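**Student:** Top to bottom, those sequences are chains A and B.
Each residue of the first sequence is one higher than the last, beginning at 1 in UniProt numbering.
Each residue of the second sequence is one higher than the last, beginning at 1 in UniProt numbering.
In this text, a Cβ means the ideal position worked out from N, Cα and C, and glycines have one as well.
Treat the numbers as computed from the prediction; the structure is a model and nothing was measured.
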Amino acid sequence: MSDREEILALLRENARYSTEDLARQTGLDAEAVESVLADLESEGVVKGYQAVVDWGEVEPQPVRAAVELNVTLDRETGYADIAERLAKFPEVQGLRLVSGDYDFAMEVEGDSMSEVSRFISEKVAPVPEITQTVTHYIMESYKERGVEFGDGHDDDRLSVSP
Amino acid sequence: MTFEPTDRVASVPPSGIRKFFELAEEYDDIISLGVGEPDFAPPWAARDAAIASLERGQTSYTANRGMAELRDRIAVDARERYGLNYDPDEEVLVTSGASEAVDLAFRAFLDEGDSVAIAQPCYVSYVPSARFAGADVVDVPTRAEDEFKLTREVLEASGAADAEALVMCYPNNPTGATMTREELRPVAEFAREHDLLVFSDEIYAELSYEHDHASIATLPGMRERTIVFNGFSKAYAMTGLRLGYALAPPEATAAMNRIHQYTMLSAPTTAQYAAVEALNSCDDEVQEMRAQYDRRRNFVLSRFEEMGIDCFPAAGAFYAFPECPWNDSDEFAEALLEEQRVAVVPGDVFGAGGEGHLRVSYATSLGDLKEALNRIETFIEQH
Chain A
1 MSDREEILAL
11 LRENARYSTE
21 DLARQTGLDA
31 EAVESVLADL
41 ESEGVVKGYQ
51 AVVDWGEVEP
61 QPVRAAVELN
71 VTLDRETGYA
81 DIAERLAKFP
91 EVQGLRLVSG
101 DYDFAMEVEG
111 DSMSEVSRFI
121 SEKVAPVPEI
131 TQTVTHYIME
141 SYKERGVEFG
151 DGHDDDRLSV
161 SP
Chain B
1 MTFEPTDRVA
11 SVPPSGIRKF
21 FELAEEYDDI
31 ISLGVGEPDF
41 APPWAARDAA
51 IASLERGQTS
61 YTANRGMAEL
71 RDRIAVDARE
81 RYGLNYDPDE
91 EVLVTSGASE
101 AVDLAFRAFL
111 DEGDSVAIAQ
121 PCYVSYVPSA
131 RFAGADVVDV
141 PTRAEDEFKL
151 TREVLEASGA
161 ADAEALVMCY
171 PNNPTGATMT
181 REELRPVAEF
191 AREHDLLVFS
201 DEIYAELSYE
211 HDHASIATLP
221 GMRERTIVFN
231 GFSKAYAMTG
241 LRLGYALAPP
251 EATAAMNRIH
261 QYTMLSAPTT
271 AQYAAVEALN
281 SCDDEVQEMR
291 AQYDRRRNFV
301 LSRFEEMGID
311 CFPAAGAFYA
321 FPECPWNDSD
331 EFAEALLEEQ
341 RVAVVPGDVF
351 GAGGEGHLRV
361 SYATSLGDLK
371 EALNRIETFI
381 EQH
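1) Please check the pair B/Arg152 and B/Pro121, which I expect to be a contact at CB under 8 Å, by giving their CB distance rounded to whole angstroms.
2) Can you pull the chain B neighbours of A/Thr26, defined as C-beta to C-beta under 9 Å?
3) For the region 129–159 of chain A, enumerate the residues whose C-beta is nearer than 7 Å to any C-beta of chain B, in chain order.
4) Here's a check: name, in chain order, each residue in its chain whose Cβ is nearer than 7 Å to the Cβ of B/Arg303, leaving out the five neighbours to either side.
5) Does the structure place the region 164–178 of chain B close enough to the region 196–207 of chain B that three or more beta carbon pairs sit under 8 Å?
6) If B/Gly34 sits next to A/Ser159, beta carbons under 8 Å apart, how far is it from one beta carbon to the other, in whole angstroms?
7) Could you tell me whether the Cβ of A/Ser161 comes closer than 8 Å to any Cβ of chain B?
8) In terms of DSSP beta bridges, what is B/Thr151 paired with?
9) Only counting the same chain, and skipping five residues up and downstream in sequence, which positions put a Cβ closer than 7 Å to that of B/Leu369?
10) Is there a Cβ of chain A sitting closer than 8 Å to that of B/Arg81, yes or no?
11) Might you give, ordered along the chain, the residues of its own chain that have their beta carbon closer than 6 Å to the beta carbon of B/Glu112, omitting 5 neighbours on each side?
12) What's the gap between the Cα of B/Gly97 and the Cα of B/Ser233?
13) Secondary structure at A/Lys143, three-state DSSP: helix, strand or coil?
14) Helix, strand or coil, according to DSSP, for B/Pro346 in the structure here?
15) Can you pull the chain A residues whose beta carbon is under 7 Å from the beta carbon of B/Glu193, in chain order?
16) Drop a sphere of 10 angstroms on the beta-carbon of B/His213, count the other beta-carbons inside from all chains shown, and report buried for 16 or more, exposed for fewer.
17) What residues from chain A crowd round B/Glu37, counting only those whose CB sits closer than 8 Å?
18) Examine the Cβ distances between the region 237–250 of chain B and the region 83–99 of chain B and report whether three or more of them are shorter than 8 Å.
19) Rounded to a whole number of angstroms, what is the C-alpha to C-alpha distance between A/Gln25 and B/Gly354?
20) Could you tell me whether any Cβ in chain A is nearer than 8 Å to the Cβ of B/Glu25?
21) Would you mind giving the Cβ-Cβ distance between A/Ala105 and A/Glu129, rounded to the nearest angstrom? I have them listed as a contact below 8 Å.
22) For chain A, find out if any of its Cβ atoms is closer than 8 Å to the Cβ of B/Ile17; answer yes or no.
23) Quick check on DSSP: helix, strand or coil for B/Glu323?
24) With a CB to CB cut of under 6 Å and the five nearest residues on each side skipped, what residues in its chain are close to A/Val33?
25) Could you give the distance in angstroms between the alpha-carbon of B/Ile51 and the alpha-carbon of A/Gly150?
26) By the criterion of Cβ-Cβ separation under 9 Å, what are the contact partners of B/Arg303 in chain A?
27) Could you check whether A/Ala65 and A/Ile138 sit closer than 8 Å to each other, using their CB atoms as the reference points?
28) B/Gln287 by DSSP, collapsed to three states: which one?
29) Among the residues of its own chain, which have a CB less than 7 Å from the CB of A/Val36, if the five just before and after it don't count?
30) Is it right to say A/Lys88 is buried, meaning 16 or more other beta carbons lie within 10 angstroms of its own, or is it exposed?
31) Just to confirm, is the Cβ distance from B/Gly16 to B/Val360 under 8 Å?
32) Give the straight-line distance between the Cα atoms of B/Ala333 and B/Met238, rounded to the nearest whole angstrom.
33) Beta-carbon separation of B/Pro322 and B/Asp310 under 8 Å?
34) Would B/Val124 pass as an interface residue toward chain A - the criterion being a Cβ-Cβ separation below 8 Å?
35) Of all the options B/Tyr123, B/Ser281, B/Ala63 and B/Leu110, which has the alpha carbon lying nearest to the alpha carbon of B/Thr95?
36) Could you check which residue in B/Leu155, B/Phe132 and B/Met222 has the C-alpha nearest to that of B/Arg143?
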C-alpha cells in the first residue's frame, strides 16, 4: 500500500487523526504526511471531513429519507444535468446514479416528515424529467459510512489475559 | 480424606496473570492493554461455517487427529506460507488450542526429572505445563540487549545443553521479538549438537511485520527433532473456539495423539468447521488485521520513544515490551491501574528476563491506545 493509500485509509477510519497520529502510524515524518494531505485535498480526492453522527442519540432528531427517483432523458438533458439541479437543494444530503429498478438514489434530510414530504412533492416531483419518486423514511440507522452504531460496550474480553 | 494436590500441582504457584486480572476486575472504567488476544471478531465466513455446521447438527466427535479436510488444509497452508512440509495423515495433529498441543508434547516426551530449557520471558503456560509433566525447568533468559532473541550465548550460559528439549516462541509473547532465518541458525546448530528436541510455538507466525516468518523446522536437520505449534486463535481471532495444531514427524504426533485420544478425544467439531473455512477464504481479513496491528505497533513504539522510555522495536505478535520506569514492574503496574485506570502486565509474570519490563498489548482500538498512552505519560510525569 502506498503512503497515499495508507493515509487515505486512516482518514476514512478517523478523519480527526492529527498529523502526528498519522505520522506515528505510518512511520512517515510529519512533513511528508502534510504533503500527502495537501495533495489529496488540492486534487479533490478528499472533499471534506465530517463526523459520523448517530442521530438516535441526540435531540432533536432530523428526519431522513431515502428517495428513489426515476427519470426520462431527452436530447438536451442528461443524468448530470438532473443531478446538478437536485444537488443544489440543501435538503439533499446524498445523490447517486445507480443501476437497477430506478435511476437516482437520493438522501434527504429535514426537520419533520411534513417538511421532507413537502420538499419531495414541491421541489423534486415537479422537475420535468422526473417520472416517479418513492420515498422511504429512515426508521433506525445501524451503520453509517463503515461505522457501526451500538452501545459501544461490545468488548467482552477479559481485562487481562495470557 | 482431604484433597491434597500432588507435589507437582502444589509446586506451581497461581498465575501472575490471574492475580493481575483480579486486580483489574476491581475497576469498571479501565483501558486494558493487558489483553493477550485480538480485539477483532473472527472473519464472517469462518463464523458462518461454524453456524452452518451447528444447523446441520455436525457436532459428533471427529477423528482423534482432527477432520481429514482440516488436516489437509493445514498441511497445504503450512507448506505455502512457511515452507513446512508435513503429511496430513501422519504428521498433523489438531488440538484444542495450541496450549493443548504444548501440554501433549511435554507429557509425551519429558520423563519425570528430565529437564526442559525454556526461552523466557514467555507465554505463562510453558513452565507450569513442564512442571505438571514432572520435568525440571531450565530458565533461558533472553536479554533486552539481544532484542529478546535466543542466542547461542544465552543457551550455553543457561545450561540448556544438558536439557532434553528446548521450548521457544517467535514471534514472542510477551516481548514481540521475532527471529529471522539467519538468527535461528545458531539455535538450530546448538540443538543438533546437544541432541535437543525443539518445541517451537509459532502461534503468532502470521503477525510478523518486519520480515516473513521463519520456522526453525525448515533449517537443515531440524524437521526430525522439532514439533511446531500453531493455531487459529491469533491470526483468525478465534481464541474462544480453542483450535490449534502440532506439526511433527509421525512418531511424535503418534505419541501425542495417544494422550490426546484419551483426554480430549478430539478438538471441538464446530471450531474445526470454522477453521477449514478460515483457511479456505479468510486471507484478506487476516491481512487487514495484520495491517491494523502494524499501524498500532508503529504508534505505540513511537509514543514510548517520545516519552523517553526504552522499548526495543517489537517486530511481531501484538505486544510492546517497554522498560519499566520503576525498579519494580509489579508495583508500577498496580499503581498505574489504581491512579490512571490503565492495565498493563508486569514483565516478571512471564518468567526470567521479564522483570523490569511491562507487556503492553496493542490489540485494542487506536483511540483507546492513544488515551492509555497519554495516561501513562501523565502517570510517569507525576511520579
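**Tutor:** Reading it off the structure:
1) That pair is no contact at about 19 Å.
2) Arg295 and Asn298
3) Asp155, Arg157, Leu158 and Ser159
4) Leu373
5) yes
6) 6 Å
7) yes
8) Per DSSP, none; premise fails for B/Thr151.
9) Arg296, Phe299, Val300 and Tyr362
10) no
11) Gly134
12) 8 Å
13) strand
14) strand
15) Neighbours of B/Glu193 on chain A: none; closest Cβ ~33 Å, over 7 Å.
16) buried
17) Arg157 and Ser161
18) yes
19) 27 Å
20) yes
21) About 16 Å; that fails the 8 Å criterion.
22) yes
23) strand
24) Thr19, Leu22 and Ala23
25) 23 Å
26) Arg24
27) yes
28) helix
29) Asp3, Arg4 and Ile7
30) exposed
31) no
32) 28 Å
33) yes
34) yes
35) B/Ala63
36) B/Leu155
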